[in-house]
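Student: The structure follows.
Here's what the structure looks like:
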């Protein structure tokens with residue numbers, strides 16, 4: 102008998118627009134010391150599955166329509182809310198995606214950690230404050246927080262993202278649960294931190310012998326941690342098997358599609374313009390910010406003396422972890438963020454010497470694609486207005502030809518012409534990114550900065566958008582600075598690559614040369630941290 | 003290439019879509035109809051009112067509603083229907099004009115302060131703070147003393163007080179919007195600052211602005227009543243709803259109709275404004291459900 106045995110779970114959402122079958126007859130089981138990964142794209146029902154087990158869904162609209170969840174002889178779906186409250190935390194614990202929003206910013210880490218110990222519902226199990234503190238510090242040590250006894254009194258904002266996730270894990274483990282549910286625990290973290298957290302979860306599971314349900318959209322992450330994998334799509338089970346079987350000989354078409362969408366290997370077709378002339382010269386760019394948040398104002402060196410050349414027709418990758426200054430550099434090159442010193446020479450003109458009004462004629466040639474397709478489109482403008490605005494403003498089209506031009510743009514980015522009158526919220530994430538790309542290419546630019554254009558997208562959508570970007574770069578003779586934290590994506594589309602760390606350029610060169618022989622230790626560390634979906638090693 | 007669908011594409015915009023959506027919202031239409039009726043009646047009052055607004059009949063005194071005087075008469079024997087109609091002229095005018103003054107100043111001030119930010123924002127908002135701190139009664143009394151009692155001045159004076167909150171609301175909206183990526187996208191597109199404010203910022207601040215506007219209009223009407231009561235606004239025999247209510251309260255126990263009828267009219271106006279405001283807010287937000 103497995104620790105948790107779920108049979109035919111059905112969760113429907115009764116919305117105004119009809120019934121949404123979020124989870125439709127899903128069955129799985131997890132045993133002590135076992136890790137089950139539930140994988141799927143956004144909207145697949147993977148989170149809803151786990152939330153329904155803990156009675157964490159908003160009801161209404163959610164209704165559990167059927168199924169049994171047998172946890173150690175007890176049906177989770179049928180137990181009373183008092184009993185559920187007891188089970189949550191004591192027997193089943195959860196770790197969430199964003200450690201910042203799941204910690205109370207007004208309480209110290211330690212205070213939040215000992216809370217369940219000193220207010221334990223069972224008074225005989227209650228610990229004194231002192232005993233709780235000792236236990237919590239031991240636990241913090243166990244999850245790898247250095248100087249745990251001093252960090253005990255720190256506030257969440259004084260912890261880094263990785264440290265916060267460690268603290269969250271400690272909180273989840275404090276009452277020694279038997280089942281741990283991790284909802285995308287590493288999605289918000291940098292790749293090197295992600296590798297550490299994954300290692301920690303794996304190690305804790307061994308020492309404590311807990312069952313783990315690991316929810317993720319990333320097959321690469323799952324490959325390294327799970328014993329069994331459940332692939333979900335639109336509420337239905339697509340595939341369920343051991344990790345090895347899923348990765349090596351999967352049977353469902355959807356899993357195959359997921360696996361093939363993971364970017365791997367080198368760029369298939371290198372850009373022809375390898376030996377071409379330089380389009381943009383970035384010389385000793387420094388962008389500093391003043392940080393007023395502390396007591397004394399500190400100079401934050403977001404970009405610190407970076408020089409690079411981007412050749413005409415190439416896709417130049419810029420990789421780094423969050424806070425490395427890669428986005429700031431991209432914005433500084435486009436003069437959207439004022440630089441402290443240095444120069445950006447574009448076809449012989451130093452853009453930094455121009456006043457903002459003098460820059461206006463250059464703007465159409467230099468465009469940008471943003472990370473979040475939800476935030477980068479004006480919610481009150483239809484697709485038509487969004488695309489027509491740059492066309493009319495820069496006189497690429499006149500009032501008579503603009504409708505036709507907009508349709509051409511829609512075709513170019515693969516959007517249905519009939520959706521031209523819709524507003525951004527009526528589109529999916531991938532389609533919105535297509536609109537944003539359409540807006541960026543409207544004025545026939547020569548150079549585009551793409552700032553994490555696929556990071557917010559599901560892996561199959563990501564593959565489609567990358568394909569679109571590659572096609573557009575080739576057809577329209579574009580040069581692109583491609584900023585990303587995802588090394589696999591960068592490798593699959595970039596000709597050359599530069600690695601940034603703490604505002605400094607660590608290493609640059611041809612993509613394949615860097616992958617084969619990274620010179621600097623930081624680059625080596627980054628490359629090693631990439632989770633791979635390849636189990637054939 | 004000039005199919006009918008294309009021409010409609012070119013014309014479709016936030017405002018057109020909003021209008022189509024508003025027409026489907028029954029409550030908003032009701033609000034609109036009520037307000038329109040009140041406005042038309044007020045405009046035509048000098049011609050359609052049954053009596054003259056200053057015509058007194060002291061012998062008659064206060065009488066309850068009757069066939070001759072549908073809404074009764076006040077203690078001076080003046081016809082209440084006439085007085086409510088004339089009162090509507092003043093109240094609606096104060097409500098709309100003073101609010102419009104507040105809207106224009108508030109939106110521009112707030113949008114500019116929030117968008118430019120930094121020192122300009124600091125100075126502009128300190129000015130707002132100073133204005134807040136000024137006792138507004140003194141401000142209005144001063145205006146009245148210097149320029150004499152004048153109904154236009156009353157609009158300006160009230161508007162000049164009400165725009166402060168509007169400016170703050172707009173500023174906070176704009177500051178949140180300014181950091182959004184679509185504003186940055188507009189920058190990188192090469193749009194001028196003014197084009198960005200006009201096309202991307204202001205339309206996105208409309209929701210809270212409209213709601214606040216529907217709250218401002220009634221508060222302005224009551225402010226006028228208060229000023230009139232103090233002798234700073236309009237004076238009898240001229241009337242406004244606020245003034246009628248104020249006098250009605252004094253004689254509430256003996257002659258309740260003197261309070262009830264102006265009260266009903268004012269409440270009806272406020273309901274209508276709220277329905278219309280809610281409808282407008284939803285209509286101007288493409289994300290609100292379409293049906």
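Protein chains in written order, with this note's numbering: chain A, 102 to 638; chain B, 3 to 293. We put the CB at the ideal spot given by N, CA and C, even for glycine.
Give the range of the beta strand (DSSP E) segment to which residue 610 of chain A is assigned.
Tutor: Against the first chain, residue 610 of chain A aligns to sequence position 509. Its beta strand (DSSP E) spans residues 605 to 611.
Student: Is it a yes or a no for the segment 442 to 462 of chain A touching the segment 477 to 485 of chain A, going by three-plus beta-carbon pairs under 8 Å?
Tutor: Judged by Cβ distances under 8 Å, the segment 442 to 462 of chain A makes no contact with the segment 477 to 485 of chain A, as fewer than three pairs qualify.
Student: The alpha helix (DSSP H) spanning residue 41 of chain B covers which residue range?
Tutor: Start at 1 with the first residue of the second chain, and residue 41 of chain B comes out as number 39. From DSSP, the alpha helix (DSSP H) with residue 41 of chain B extends over 28 to 50.
Student: Does DSSP classify residue 256 of chain B as helix, strand or coil?
Tutor: The residue you call residue 256 of chain B lines up with position 254 of the second chain. Coil at residue 256 of chain B, not helix or strand.
Student: Pick helix, strand or coil for residue 146 of chain A, following the three-state DSSP scheme.
Tutor: Looking up residue 146 of chain A in the first chain gives position 45. Coil, per DSSP.
Student: In angstroms with no decimal places, state the Cα-to-Cα distance between residue 347 of chain A and residue 174 of chain B.
Tutor: Counted from its first residue, the first chain places residue 347 of chain A at position 246. Counted from its first residue, the second chain places residue 174 of chain B at position 172. Rounded to whole angstroms, residue 347 of chain A to residue 174 of chain B spans 51 Å at the Cα level.
Student: Taking the alpha helix (DSSP H) that residue 126 of chain A falls in, what are its first and last residues?
Tutor: Against the first chain, residue 126 of chain A aligns to sequence position 25. From DSSP, residue 126 of chain A is part of no alpha helix (DSSP H) but of the beta strand (DSSP E) over 119 to 131.
Student: How many Å lie between residue 326 of chain A and residue 568 of chain A at the Cα?
Tutor: As a first step, residue 326 of chain A is located in the first chain; it is residue number 225 there, counting from the start. As a first step, residue 568 of chain A is located in the first chain; it is residue number 467 there, counting from the start. Going from the Cα of residue 326 of chain A to the Cα of residue 568 of chain A covers about 30 Å.
Student: When Cβ atoms are compared, which residues of the segment 181 to 193 of chain B fall closer than 7 Å to chain A?
Tutor: Those residues of the segment 181 to 193 of chain B that come within reach of chain A (Cβ to Cβ, closer than 7 Å) are 182, 183, 184, 186, 187, 189, 190, 191, 192 and 193.
Student: In three-state terms, what does DSSP make of residue 555 of chain A?
Tutor: On the first chain, residue 555 of chain A is found 454 positions in, with the first residue counted as 1. Three-state result, residue 555 of chain A: coil.
Student: In chain A, which residues lie less than 7 Å from residue 205 of chain B when you measure between Cβ atoms?
Tutor: Within the second chain, the letter at position 203 stands for residue 205 of chain B. By Cβ distance, chain A contributes 481.
Student: Which of helix, strand or coil does DSSP assign to residue 381 of chain A?
Tutor: As a first step, residue 381 of chain A must be located in the first chain, where it is residue number 280. If DSSP states are grouped into helix, strand and coil, residue 381 of chain A belongs with the strands.
Student: Give the DSSP-derived three-state secondary structure of residue 276 of chain B in the structure shown.
Tutor: On the second chain, residue 276 of chain B is found 274 positions in, with the first residue counted as 1. Correct three-state label for residue 276 of chain B: helix.
Student: Using 8 Å as the limit for Cβ to Cβ distance, is residue 328 of chain A near chain B?
Tutor: Working through the first chain from its first residue, we reach residue 328 of chain A at position 227. No, because no Cβ of chain B sits closer than 8 Å to the Cβ of residue 328 of chain A.
Student: Flag residue 283 of chain B as yes if its beta-carbon sits less than 8 Å from any beta-carbon of chain A, otherwise no.
Tutor: For the purposes of this step, residue 283 of chain B is identified with residue 281 of the second chain, where counting begins at 1. No, no contact with chain A.
Student: Enumerate in chain order the residues of its own chain whose CB-to-CB distance from residue 405 of chain A is below 7 Å, with the five nearest sequence positions on each side excluded.
Tutor: Counting from 1 along the first chain, the entry for residue 405 of chain A is found at position 304. Hits under 7 Å: 387, 604 and 605.
Student: Quick check on the DSSP output: the beta strand (DSSP E) that includes residue 409 of chain A runs from which residue to which?
Tutor: Numbered from its first residue, the first chain carries residue 409 of chain A at position 308. 399 to 412 is the span of the beta strand (DSSP E), which, as asked, contains residue 409 of chain A.
Student: Within 8 Å, do at least three Cβ pairs link the segment 578 to 585 of chain A to the segment 410 to 430 of chain A?
Tutor: Cβ pair count under 8 Å is three or more, so yes.
Student: Return the bridge partner residues of residue 388 of chain A from the DSSP annotation.
Tutor: As a first step, residue 388 of chain A is located in the first chain; it is residue number 287 there, counting from the start. For residue 388 of chain A, which the question treats as bridged, DSSP gives the partners A:404.
Student: Please check if any C-beta of chain A sits within less than 8 Å of the C-beta of residue 288 of chain B.
Tutor: Numbered from its first residue, the second chain carries residue 288 of chain B at position 286. Judged by the 8 Å Cβ criterion, residue 288 of chain B is in contact with chain A.
Student: Indicate whether residue 139 of chain A and residue 314 of chain A have their beta-carbon atoms separated by less than 8 Å.
Tutor: Locating residue 139 of chain A in the first chain gives position 38, counting from the first residue. Locating residue 314 of chain A in the first chain gives position 213, counting from the first residue. For residue 139 of chain A and residue 314 of chain A, yes; Cβs fall inside 8 Å.
Student: So which residues on chain B does residue 491 of chain A lean against when the C-beta distance must stay under 7 Å?
Tutor: Residue mapping note: residue 491 of chain A aligns to position 390 of the first chain, counting from 1. Ordered by position in chain B, the residues that pass the 7 Å Cβ test against residue 491 of chain A are 191.
Student: Quick check: is the beta carbon of residue 12 of chain B nearer than 8 Å to any beta carbon in chain A?
Tutor: On the second chain, position 10 is the one that residue 12 of chain B refers to. For residue 12 of chain B, the pLDDT reaches just 46, beneath the cut-off of 50, and the residue's location in the model is therefore unreliable, although a value from the coordinates is still provided. Taking Cβ atoms only, chain A reaches closer than 8 Å to residue 12 of chain B, which makes this a yes.
Student: Taking its Cβ as the centre, do 16 or more other Cβ atoms sit within 10 Å of residue 142 of chain A, making it buried, or is it exposed?
Tutor: Translated into positions along the first chain, residue 142 of chain A becomes position 41. It counts as buried.
Student: How would you list, in chain order, the residues of chain B whose beta-carbon sits under 8 Å from the beta-carbon of residue 476 of chain A?
Tutor: Counting from one through the first chain, the residue named residue 476 of chain A turns up at place 375. Near residue 476 of chain A (Cβ distances below 8 Å), the residues of chain B are 182, 183 and 184.
Student: Are the segment 75 to 95 of chain B and the segment 43 to 53 of chain B touching, with three or more C-beta to C-beta distances below 8 Å?
Tutor: Enough Cβ pairs lie closer than 8 Å, so yes.
Student: Does residue 145 of chain B have its Cβ less than 8 Å from a Cβ in chain A?
Tutor: By one-based count along the second chain, residue 145 of chain B stands at place 143. By this cut-off, residue 145 of chain B is not an interface position.
Student: Got a sec, what are the start and stop residues for the alpha helix (DSSP H) residue 235 of chain A sits in?
Tutor: For the purposes of this step, residue 235 of chain A is taken as the residue at position 134 of the first chain. Run containing residue 235 of chain A: 230 to 243, per the alpha helix (DSSP H) assignment.
Student: How many Å lie between residue 174 of chain A and residue 260 of chain A at the Cα?
Tutor: Here residue 174 of chain A refers to the residue found at position 73 of the first chain. Here residue 260 of chain A refers to the residue found at position 159 of the first chain. Approximately 40 Å, taken between the alpha carbons.
Student: Helix, strand or coil for residue 208 of chain A per DSSP?
Tutor: Against the first chain, residue 208 of chain A aligns to sequence position 107. Of the three classes helix, strand and coil, the one that applies to residue 208 of chain A here is coil, per DSSP.
Student: Within 10 angstroms of its Cβ, does residue 637 of chain A collect 16 or more other Cβ (buried), or is it exposed?
Tutor: By 1-based counting over the first chain, the position of residue 637 of chain A is 536. For residue 637 of chain A, the predicted structure reports a pLDDT of 47, less than 50, and the residue's modelled location is therefore unreliable. The matter cannot be settled from this model.
Student: Within 10 angstroms of its Cβ, does residue 200 of chain B collect 16 or more other Cβ (buried), or is it exposed?
Tutor: If you number the second chain from 1, residue 200 of chain B lands on position 198. Flag for residue 200 of chain B reads exposed.
Student: Is residue 12 of chain B helix, strand or coil when you go by DSSP?
Tutor: Residue 12 of chain B sits at position 10 when you count from the first residue of the second chain. Residue placement at residue 12 of chain B is poorly supported in this model, since its pLDDT is 46, which falls under 50; the coordinates are not used for a value here.
Student: Name the chain C residues that come within less than 9 Å of residue 24 of chain B, Cβ to Cβ?
Tutor: Reference to chain C is not applicable here, since the protein chains of this structure are A and B.
Student: Exposed or buried, which one is residue 269 of chain B when buried takes at least 16 other CB atoms within 10 Å?
Tutor: Taking the first residue of the second chain as 1, we reach residue 269 of chain B at position 267. By the neighbour-count rule (16 or more Cβ atoms within 10 Å), residue 269 of chain B is not buried but exposed.
Student: Could you tell me whether the segment 351 to 368 of chain A touches the segment 156 to 174 of chain A, using the rule of 3 or more Cβ pairs below 8 Å?
Tutor: No contact exists between the segment 351 to 368 of chain A and the segment 156 to 174 of chain A.
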